[in-house]
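Position one of the sequence shown corresponds to residue 1 (full-length UniProt numbering), numbered consecutively onward.
Idealized CB from N, CA, C, for every residue including glycine.
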Amino acid sequence: MPNPILKLVEPEKSSDDKPATTTTTTPHMLPCRIHHDGPVEPVQSFWDPRVEEDGTKTAYFRGRKLIGKTVKLPEGYRGVVAAAAGTEIKDRRPEDDGNGVDDLEGEGQPELGKLQLQAEFDEMVIWGHEATVDVSADPYVRGMEEWLDLANQIHSYTTTPSTEK
1 MPNPILKLVE PEKSSDDKPA TTTTTTPHML PCRIHHDGPV EPVQSFWDPR VEEDGTKTAY
61 FRGRKLIGKT VKLPEGYRGV VAAAAGTEIK DRRPEDDGNG VDDLEGEGQP ELGKLQLQAE
121 FDEMVIWGHE ATVDVSADPY VRGMEEWLDL ANQIHSYTTT PSTEK
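Structure, rendered in structure tokens:
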């Protein structure tokens, strides 16, 4: 099996040596682009979604009405929010190809990308302008469903009947 190129790492321990706990969150997929990637406080002053009787959510963002629908992840999957945590150099040794010849292709020490776990989720809210998003056509939901379908096909094993006579 090839070496991984990306590693998900747990949050580091706090200063009092207690294990770090992962928070649970609900990501919101907004139909807009925000050119800011830092903290925003207090969020409640401009983001206060309300739950309607039919289970949808309604919010106003910069004067635009948004209607959100909660989408749960399939059973057995977990969503994570992660942030880049740098890279580390892996110790790479030449691989033996079985003929006593070392594979020296790609010499050097490849970098292993690291992502630090920030939070976990089991549902997300998909927002649409003025109307409930059509989850069958939404690119985020379709992308998630197609990725899960592909992952299931890659990791499933089919048994073929023996052709012995």
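Quiz item: Does the region 34–53 come close enough to the region 130–147 to have 3 or more Cβ pairs within less than 8 Å?
Solution: no
Quiz prompt | For tyrosine 60, the first and last residue of its enclosing beta strand (DSSP E) | solution = Residue mapping note: residue 60 aligns to position 60 of the sequence shown, counting from 1. Run containing tyrosine 60: 57–61, per the beta strand (DSSP E) assignment.
Quiz item: Residues in its own chain within less than 6 Å of tyrosine 77 by CB, not counting five upstream and five downstream?
Solution: Taking the sequence shown and counting its residues from 1, the one referred to as residue 77 is at position 77. Around tyrosine 77: no qualifying Cβ.
Practice problem: Would you kindly check if the distance between the Cβ of leucine 73 and the Cβ of glutamate 146 is under 8 Å? | Solution: Position 146 of the sequence shown, counted from the start, is the residue given in the question as residue 146. Position 73 of the sequence shown, counted from the start, is the residue given in the question as residue 73. The answer is no: Cβ separation not under 8 Å.
Practice problem: Using only alpha-carbon positions, find the residue among Glu52, Gly79, Glu111, Met29 that is nearest to lysine 7. | Solution: Here the question's residue 7 lines up with position 7 in the sequence shown. Nearest of Glu52, Gly79, Glu111, Met29 to lysine 7, Cα basis: Glu111.
Quiz item: From this set, Leu117, Trp47, Gly68, Thr58, which residue's C-alpha is nearest asparagine 24's C-alpha?
Solution: Looking up residue 24 in the sequence shown gives position 24. According to the sequence as given, residue 24 is threonine; it is not asparagine. The shortest Cα separation from threonine 24 among Leu117, Trp47, Gly68, Thr58 belongs to Leu117.
Exercise. Tell me, please, which residues DSSP counts as bridged to leucine 73.
Key: Taking the sequence shown and counting its residues from 1, one reaches residue 73 at position 73. In the DSSP output, where bridge partners are listed per residue, leucine 73 has none listed.
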